[in-house]
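K.L.:
Numbering (the numbering used here), first residue to last: 573 to 675.
Written out as structure tokens, the structure reads:
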């Protein structure tokens with residue numbers, strides 16, 4: 573009881589504000605931990621899928637490897653197609669005529 577008698581009553585609002593800030597900080601940290609654990613869950617899930625594909629042997633993941641190569645090839649052709657108008661303005665070729673980039 574001697575400790576409570578030594579507390580100055582002018583500091584009580586500061587103590588209340590401090591406790592409120594601690595509660596808010598705890599809630600924010602809780603949300604941040606959930607978000608970070610969700611991100612790590614997605615990353616570990618992707619890693620697990622890749623590891624399971626690789627552990628299946630060459631026959632099991634051959635189709636997946638071909639699919640990935642095909643997707644990369646499609647992305648490369650799309651990138652070239654999107655860059656073609658700028659390139660065709662500087663260096664016209666038959667490719668530019670095939671796709672109608674030349675007037």
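C-beta: ideal position from N, C-alpha, C; glycine also.
(1) Tell me whether residue 649 sits in a helix, a strand or coil according to DSSP, three-state version.
(2) Go through its chain and collect everything with a Cβ distance to residue 661's Cβ below 6 Å, but skip five positions before and after it.
(3) Ignore the nearest five residues each way along the sequence and tell me which others in residue 647's own chain have a CB closer than 8 Å to its CB.
(4) Identify, in the order they occur along the chain, each residue of the same chain with its Cβ nearer than 7 Å to the Cβ of residue 668, setting aside the five sequence neighbours on each side.
(5) Roughly how many angstroms lie between the CA atoms of residue 605 and residue 595, to the nearest whole one?
(6) In the DSSP assignment, find the unbroken alpha helix (DSSP H) run with residue 584 in it and report its ends.
P.N.:
According to the structure data:
(1) Correct three-state label for residue 649: helix.
(2) Nothing meets the Cβ criterion.
(3) Excluding residues within five positions, none has a Cβ falling inside 8 Å.
(4) Short of 7 Å from the beta carbon of residue 668, and not among the five residues preceding or following it, lie these beta carbons of its own chain, in chain order: 656, 660 and 674.
(5) Taking the straight line from one Cα to the other gives about 15 Å.
(6) Here the alpha helix (DSSP H) through residue 584 covers 584 to 627.
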